[in-house]
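Some notes on the structure that comes next.
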Amino acid sequence: MIRKLSLRPLHVALNSLLKKYGIKLSDKNFPFVNIDIPGIFNNDTKTFKGDEVLVFFTIVDDSNTNIRLYEIAEKITEALEEGLTVQDFTCEISRNSNSGVQEEENYRTLRLGYNFKLTQIN
1 MIRKLSLRPL HVALNSLLKK YGIKLSDKNF PFVNIDIPGI FNNDTKTFKG DEVLVFFTIV
61 DDSNTNIRLY EIAEKITEAL EEGLTVQDFT CEISRNSNSG VQEEENYRTL RLGYNFKLTQ
121 IN
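Counting from 1, one number per residue, gives the positions in the sequence shown under UniProt numbering.
Rendered as structure tokens:
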């Protein structure tokens, strides 16, 4: 039987995994990370066995150096290497993109993109 997975539990599982690695997800104090799953609030909120989901992690920091951005990026990579299981689905995770550091007026960002290939556990 092929089951569907809502993308919201994936978002919750990612939050829990990153918090376990000490990565702050709140946007109240710098540095912090935002997780973006494009289309998560559209009507198309289900994914099927073998589908790939693109997930972006945007690291935001108000420091005048890039050190903390890259430290957090390394922690994200470590966390994702641990793997992830969400509601009877495993995620094969591969890096898709890295924006490089972008400078804004009062902060810097680094955006990492990952593909999550979802496979139903039999």
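Where a beta carbon is used, it is the ideal one built from N, C-alpha and C, also for glycine. Remember, predicted model here, so these are calculated numbers, not experimental data.
Residue environment, residue i, which counts as buried when at least 16 other CB atoms sit within 10 Å
| i | result |
| --- | --- |
| R95 | exposed |
| residue 135 | As displayed, the chain neither begins before 1 nor continues past 122, which places residue 135 out of reach and without an answer. |
| D62 | exposed |
| P38 | exposed |
| N42 | Here the model assigns N42 a pLDDT of 48, short of 50, so the residue's position is not dependable, and the following value carries that caveat. N42 should be labelled exposed. |
Unbroken beta strand (DSSP E) run spanning residue i, endpoints
| i | result |
| --- | --- |
| K117 | R108 to Q120 |
Proximity of residue i and residue j at Cβ, strictly below 8 Å
| i | j | result |
| --- | --- | --- |
| N66 | R111 | no |
| residue 143 | V33 | Because residue 143 is not part of the residues shown, which for the chain are 1 to 122, the question remains open. |
| F56 | D27 | no |
| V53 | L10 | yes |
| I59 | L80 | no |
| I76 | I121 | no |
| L5 | L118 | yes |
| E78 | Y21 | yes |
Segment limits, alpha helix (DSSP H) that includes residue i
| i | result |
| --- | --- |
| residue 123 | One cannot answer for residue 123 here, as it falls past the ends of the chain, which runs 1 to 122. |
Q | Length at least 3, wholly inside the segment 24–95: the beta strand (DSSP E) runs in chain order | A | 32–36, 52–61 and 84–86
Q) Using 8 Å as the Cβ pair cut-off and three pairs as the minimum, do the segment 81–90 and the segment 64–72 touch? A) no
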